[in-house]
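Step one of this worksheet: look at the structure below.
Protein chains in written order, with this note's numbering: chain X, 472 to 958; chain C, 267 to 511.
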C-alpha cells in the first residue's frame with residue numbers, strides 16, 4: 472500500500488493494458504472461478520456440518536462471532552498489543568514496534584547487520600510487500616528469495632503479487648515454464664508436477680543456506696504470544712524453523728485474544744480463501760528454540776506494523792481492519808476478474824484494496840480505486856467477516872466529493888442534474904428538455920429501433936461502446952392521465 | 267388494497283410501457299393504483315457518486331411523497347434496494363427521519379416481490395413464446411434478497427422456455443455512473459456477462475431493472491448480438507394480452 476500512485480502509469484492506462492491482455496484475463500478468470508466454486512462447496516459443507524453439530528457454527532454464526540472478536544480486539548487494541556508483546560517476550564522472543572514502512576526495514580537491516588547475514592528466505596507475507604522489504608534488503612546486498620511458489624514466480628518475473636493469496640494468479644503454465652527456464656537454462660515441460668518439482672529443488676538449497684527467515688502471520692494469539700501461519704507448501708514451516716533467525720512482520724490487525732478465537736477465525740480463513748477446511752500446513756509458533764530442543768531458530772523477532780492502521784480506529788472505516796486477507800472478495804469481483812491485481816496499482820488489489828489503500832495512505836492517492844466498482848455487492852456477500860465493502864466504497868466517494876476530488880465535468884453535470892430533480896416541476900421540465908437534447912443524436916437500428924449515438928462530453932463514455940436509448944416523447948408522467956381515465 | 271406506483275426515473279424517461287404494464291397487472295389483481303405526482307428519483311445516482319447531501323434531499327422528497335401510501339411498488343430492484351437498504355442508514359443520526367425512513371422502507375416493494383409475497387400470485391395467466399434467460403440484478407438479489415420471485419412468475423408463463431442463468435451472481439457492469447466514468451471496465455463486464463448467455467442461445471433477456479437492460483441491450487445492439495431485452499412486467503402484460511384474457 473506504500474506503492475506510489477504517482478510513479479506508475481495512470482489508472483486508465485493500467486486498465487487498458489490489462490483489458491488488452493487475453494492471457495492475463497483468461498488465467499485470472501479460470502483461477503478466480505475455481506476458488507469461487509471451491510469456497511461455495513466448502514461453505515455448504517460447513518453449514519451441513521454445523522447442522523449435525525460437527526462444526527463450531529454455520530457460516531453466518533461464525534461470521535457474527537468473527538465480527539465480535541475483531542471489534543472487541545480493535546476496541547481494546549492497546550491492551551492486546553501489550554499482552555501479546557509480554558507473552559512473546561516471556562516465550563523468549565523479541566518485539567519491535569514499527570510505525571511505518573521505514574521502521575520495519577530499519578529493524579530487519581539492523582538484525583541482518585548484527586548477524587552478518589547474507590541471504591534471506593521468505594515465506595509469503597503481504598505486510599513485507601506493503602513495506603517493500605525485498606527491495607530494501609537487496610539494496611543492502613542481501614540475497615532475498617521468496618519460497619512460496621507463487622511469490623517465487625513473480626519474483627522471477629520482477630512483478631508484485633496480483634492477488635493476496637494466489638500471487639501468480641495471472642500467469643499461465645507456459646509463462647511459468649519460461650520463467651523457470653531462465654533459472655535452469657533448459658527447456659521445461661509445462662505440466663504442474665515438473666514445474667513444482669523444479670521450484671522445490673531450487674528452493675531446498677536456499678532454505679538450507681539462509682541466514683534469516685522472514686514471514687508474516689495470519690493470526691497472532693495475544694494470550695499465548697503465538698504466531699499462526701497457514702500455508703499449503705510447507706515453505707512457511709521451513710522458513711520459520713531452518714534459518715537461525717526468524718523475523719515475523721505482522722500488521723496490528725492480525726491480533727486476536729485467545730485460542731478459542733483462533734478456532735473461529737481458522738474455521739473461516741482457509742474455507743474463504745481456497746475452499747479448504749484447513750490448509751495443508753498450519754504452524755503455531757510460540758517462541759524460538761528452547762534450551763535442549765534440537766531445532767528451531769535461535770532468535771525470534773516479531774515486528775508489529777501500524778503504517779496507518781490505527782488512523783482507522785473510531786472512524787467509519789474501522790471495519791476495514793477486520794479483514795483477514797482471504798482474498799474471497801477478489802475471487803468474486805467482476806471488476807477484479809477483468810483487470811487483474813496490477814491495474815489497481817496498490818499492494819492489496821480488489822474490493823478490500825480499493826477501500827484500504829485510500830484510507831491508509833491518504834485520500835490524495837488512489838482516487839480512482841473507489842470509483843472502479845459497479846457496487847454490485849458480491850464482495851460483501853462473501854466476506855467472512857462481513858465487511859460492508861460496497862458501502863465503504865460509496866462513503867469514500869462521498870469523502871472525495873467533500874474534498875473536491877471529483878472531475879469538474881462530473882461535478883457540474885451532477886450538481887445541475889440533482890438540483891433539478893429535487894423539484895418535481897424541474898424534473899418534468901428536464902424530461903422534456905432531455906427529449907429534445909437527444910434528437911440530434913437519434914439513429915435507428917436496422918430493425919427500426921431508435922437509439923442515441925455519439926453523445927458529447929461525459930455521456931460519450933457510454934456511446935463509445937453501447938447504444939443509448941432516447942428519451943421518450945411521452946414519459947410515464949405524461950401517460951398517467953390516460954391511465955387514470957382508463958380505470 | 268391501494269398501491270402507489272413509484273415509476274423510477276429510468277422507466278419514466280426510457281421505458282414508460284413498463285410502468286403501464288405494472289399498472290395494468292396490479293389492477294387485474296384488484297389493486298387500486300395511484301401515482302403521486304411529486305415523485306422524481308430515489309436518489310441512488312447521487313448517493314453512489316458520493317453526493318450524499320443531494321441524495322438525502324431526494325430521499326426526503328420520496329419520504330414526503332409516499333408518507334401516506336399503503337404500499338409503494340416500483341419496477342426496479344435497484345431503486346427498491348436503495349430505499350430499503352440505504353434510506354435508514356442515511357438518516358441514522360436523525361431519530362425522526364430514521365423512523366420515517368424505516369417505516370417507508372418497510373412498505374416499499376419491487377414489482378415481482380410484491381406480486382409474489384404480498385399478492386400471493388404466481389400465475390398471472392400469461393402466454394409468451396420465447397427462449398428466455400433471466401438476469402438477477404445485483405441490488406435486488408443482495409440488498410433486497412429477492413431471487414426466486416421473478417423466476418417463479420416466469421415459470422408460470424405458458425410457451426416460455428426459461429433457460430438457467432449460468433452465473434446469476436455476476437454483475438452486468440452497469441453500476442450507474444460507473445458505466446460512463448469507467449466505460450472500458452464496464453463494457454468488458456457487459457461482454458463477459460453476455461458471453462455467459464451465448465452458449466444457451468436465448469432470444470430474450472428478461473430482468474427487473476431498466477439499468478441492466480439498458481446496459482446489456484445497448485451492448486448487444488452495438489455488437490450485433492441477437493438478443494431482445496424486456497422488463498419482466500412488460501413480458502407478463504404482453505403475455506396476458508397474448509393469452510386473450
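Each residue gets a CB set at the ideal place from its N, CA and C atoms; glycine is no exception.
Helix, strand or coil at residue i [DSSP, three-state]
i: residue 947/X; result: helix
i: residue 335/C; result: coil
i: residue 473/X; result: With a pLDDT of only 44 at residue 473/X, under the threshold of 50, the placement of this residue in the model should not be trusted; the figure read from the coordinates follows. Coil, per DSSP.
i: residue 509/X; result: helix
i: residue 557/X; result: helix
i: residue 568/X; result: strand
i: residue 478/X; result: helix
i: residue 904/X; result: helix
i: residue 375/C; result: strand
i: residue 344/C; result: helix
i: residue 351/C; result: helix
i: residue 514/C; result: A question about residue 514/C goes unanswered here, because the residues of chain C that appear run from 267 up to 511.
i: residue 695/X; result: coil
i: residue 301/C; result: coil
i: residue 851/X; result: helix
i: residue 270/C; result: strand
i: residue 720/X; result: strand
i: residue 398/C; result: strand
i: residue 700/X; result: strand
i: residue 574/X; result: helix
i: residue 472/C; result: strand
i: residue 815/X; result: helix
i: residue 624/X; result: helix
Cα-Cα separation, residue i to residue j
i: residue 634/X; j: residue 893/X; result: 43 Å
i: residue 672/X; j: residue 614/X; result: 18 Å
i: residue 473/X; j: residue 602/X; result: Residue placement at residue 473/X is flagged as unreliable, the pLDDT there being 44, under the threshold of 50; the coordinate-derived value follows with that caveat. So the alpha carbons of these two residues sit roughly 6 Å apart.
i: residue 538/X; j: residue 531/X; result: 11 Å
i: residue 415/C; j: residue 455/C; result: 25 Å
i: residue 628/X; j: residue 315/C; result: 38 Å
i: residue 726/X; j: residue 719/X; result: 13 Å
i: residue 512/X; j: residue 682/X; result: 42 Å
i: residue 368/C; j: residue 689/X; result: 40 Å
i: residue 807/X; j: residue 844/X; result: 9 Å
i: residue 242/C; j: residue 777/X; result: Outside the shown range of chain C, which is 267 to 511, sits residue 242/C, and nothing can be said about it.
i: residue 712/X; j: residue 758/X; result: 11 Å
i: residue 400/C; j: residue 515/X; result: 25 Å
i: residue 285/C; j: residue 277/C; result: 7 Å
i: residue 801/X; j: residue 860/X; result: 11 Å
i: residue 520/X; j: residue 510/X; result: 15 Å
i: residue 838/X; j: residue 443/C; result: 16 Å
Cut-off 6 Å between Cβ atoms - residues of its own chain near residue i, not counting five sequence neighbours on either side
i: residue 1012/X; result: What the structure shows of chain X is the stretch from 472 to 958, and residue 1012/X is not part of that stretch, so it cannot be assessed.
i: residue 440/C; result: 477, 478, 481
i: residue 446/C; result: none
i: residue 853/X; result: 799, 803
8 Å CB neighbourhood of residue i in its chain, flanking five on each side removed
i: residue 508/X; result: 746
i: residue 813/X; result: 485, 489, 630, 631, 633, 641, 820
i: residue 780/X; result: 722, 723, 724, 792, 831
i: residue 956/X; result: none
Nonlocal neighbours in the same chain, by C-beta distance under 7 Å from residue i, ignoring five residues either side
i: residue 346/C; result: 340, 374, 375, 376, 410
i: residue 560/X; result: 566
i: residue 363/C; result: 357
i: residue 335/C; result: 270, 373
i: residue 289/C; result: 271, 299
Next item on the list: Indicate whether the contact test is met: 3 or more Cβ pairs, each with one atom in the segment 462-480 of chain C and one in the segment 339-346 of chain C, closer than 8 Å.
Entry: yes
Margin query: Assess contact between the segment 766-784 of chain X and the segment 563-576 of chain X, defined as three or more Cβ pairs (one per stretch) separated by less than 8 Å. Is contact present?
Written below: yes
Checklist line | Members of the segment 432-450 of chain C near chain X, C-beta cut-off 7 Å | finding: 435, 436, 437, 439, 440, 441, 444, 445, 446, 447, 448, 449, 450
Check: Counting Cβ pairs, one atom from each stretch, are 3 or more of them under 8 Å apart for the segment 931-951 of chain X and the segment 461-472 of chain C?
Finding: The segment 931-951 of chain X vs the segment 461-472 of chain C: no contact.
Next item on the list: Could you tell me whether the segment 917-928 of chain X touches the segment 431-445 of chain C, where touching means 3 or more Cβ pairs closer than 8 Å?
Entry: Three or more beta-carbon pairs separated by less than 8 Å are not found between the segment 917-928 of chain X and the segment 431-445 of chain C, which leaves the two stretches without contact.
Checklist line | Under 7 Å (Cβ pairs) to chain X, residues found in the segment 315-337 of chain C | finding: The residues in question are 315, 316, 317, 318, 320, 323, 324, 327.
Note to self: So if I threshold CB-CB distances at 8 Å, which residues from the segment 404-435 of chain C count as touching chain X?
What the structure shows: 404, 405, 408, 409, 435
Next item on the list: Answer yes if the segment 786-796 of chain X comes into contact with the segment 852-869 of chain X, meaning at least three C-beta pairs across the two stretches below 8 Å, and no otherwise.
Entry: yes
Margin query: If the cut-off is 8 Å on Cβ atoms, which residues from the segment 364-381 of chain C count as contacting chain X, listed in chain order?
Written below: So nothing in the stretch comes that close.
Item checked: chain C contacts made by the segment 887-903 of chain X, where a contact means CB separation under 7 Å -> 889, 892, 893, 895, 898, 902
Item checked: Short-range partners of chain X found in the segment 458-476 of chain C, where Cβ spacing is below 7 Å -> 458
Margin query: Give me the subset of the segment 274-288 of chain C whose CB atoms are less than 7 Å from a CB atom of chain X, sorted by chain position.
Written below: 277, 278, 279, 280, 282, 285, 286
Margin query: Please identify, using Cβ separations under 7 Å, the residues of the segment 923-953 of chain X that lie next to chain C, in order along the chain.
Written below: 929, 930, 932, 933, 935, 936, 937, 938, 939, 940, 942, 943, 945, 946, 947, 948, 950, 951
Next item on the list: Can you give me, in chain order, the residues of the segment 291-312 of chain C that have a beta carbon less than 9 Å from any beta carbon in chain X?
Entry: 293, 298, 299, 300, 301, 303, 304, 305, 306, 307, 309, 311, 312
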